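In the numbering used here, the protein residues as written are 1041 to 1375. Think of the CB as a built atom: it goes at the ideal place given N, C-alpha and C, for glycine as much as any other residue. None of these values were measured; they are calculated from a predicted model. Contents: one structure, followed by commentary.
Have a look at this one:
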């Protein structure tokens, strides 16, 4: 079994016998080890019925939509939901909630100021990272038909409902597309209701009309939560791998793409979270290979690639006490 070396923050994959075809097939089609969850958290989830509630809410929403579209029930209500949907504003996103850096004479960070909301986000253009595998990794695990759908994916919605019904209320995946997730992250709306879901679907379709797929992906990679108050792949790449997002290799892209599903479960800064994230990384790589996004050689090399994590935490400052020098700089800028 692979070891996580906490001393130097490295993950060395287990040695594999490339000549053993049976082992290679096993790695491709049966990813061993499922992410583990805190017993207390899962116990509370079962006690409150959170997973079942979400699944039930999704089923109710789908049934309501089918009633609207097939039976003509509540057509006026459907029109009302759409007409009252708030317009999604995306033009100013790259200028909001970004961090401020205080640098020394060598252009090294002395402090990173995240503001009152304690959100660490740095904007990165899609052009800067399109040569990496970051968009393919997100598509593979979050929305494999992203390039083809109109903003919503009925096949994925139906699959999510069926998986919830067959797994005791716990869906194996969500029904939202990357476009829907982007709409949700922009609007901040996350309540379970037919009205909210219909408006989300409508706004996702409208967003697809206004923006290209690359522009939507750019929004997504800058808004997606990456755990530990890091938002977007640029700040996450620096926090976890100490490098720019444009420098990410295939293995690192697959690792980061697996985090947003459950940032607390796949937290790279905890030992258990990192193990979970590494298991999910292998699932992402397997999915990328299955969809033809990477070749067999790329898949094998990615599984054998050593991950080197950032050894020292980033100097992030929200409301905590700063040094006298940092406070002096802040006051000078304000005044």
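query: C-alpha distance - residue 1315 paired with residue 1289, whole-angstrom precision; result: 19 Å
query: Beta carbon proximity, residue 1245 to chain B, threshold 8 Å; result: Among the chains of the structure shown, chain B does not appear; only one protein chain is present.
query: Cα-Cα separation, residue 1163 to residue 1194; result: 31 Å
query: Meets three-Cβ-pair contact criterion under 8 Å: the region 1301-1318 and the region 1195-1202; result: no
query: Residue span of the alpha helix (DSSP H) that contains residue 1342, given as start and end; result: 1336-1344
query: The region 1275-1283 touching the region 1231-1243, judged by at least three CB pairs closer than 8 Å; result: no
query: Three CB pairs or more closer than 8 Å across the region 1317-1329 and the region 1291-1299; result: yes
query: Own chain partners of residue 1346 with C-beta closer than 8 Å, once the 5 adjacent residues on each side are dropped; result: 1050, 1051, 1052, 1053
query: Alpha-carbon to alpha-carbon, residue 1230 and residue 1175; result: 24 Å
query: Residue 1352 versus residue 1268: straight-line alpha-carbon distance, rounded; result: 15 Å
query: Assigned exposure category for residue 1250 - 16 Cβ within 10 Å defines buried; result: exposed
query: For residue 1327 and residue 1222, the rounded distance between their alpha carbons; result: 22 Å
query: Own chain, CB closer than 8 Å to residue 1253, minus 5 neighbours either side, in chain order; result: 1186, 1187
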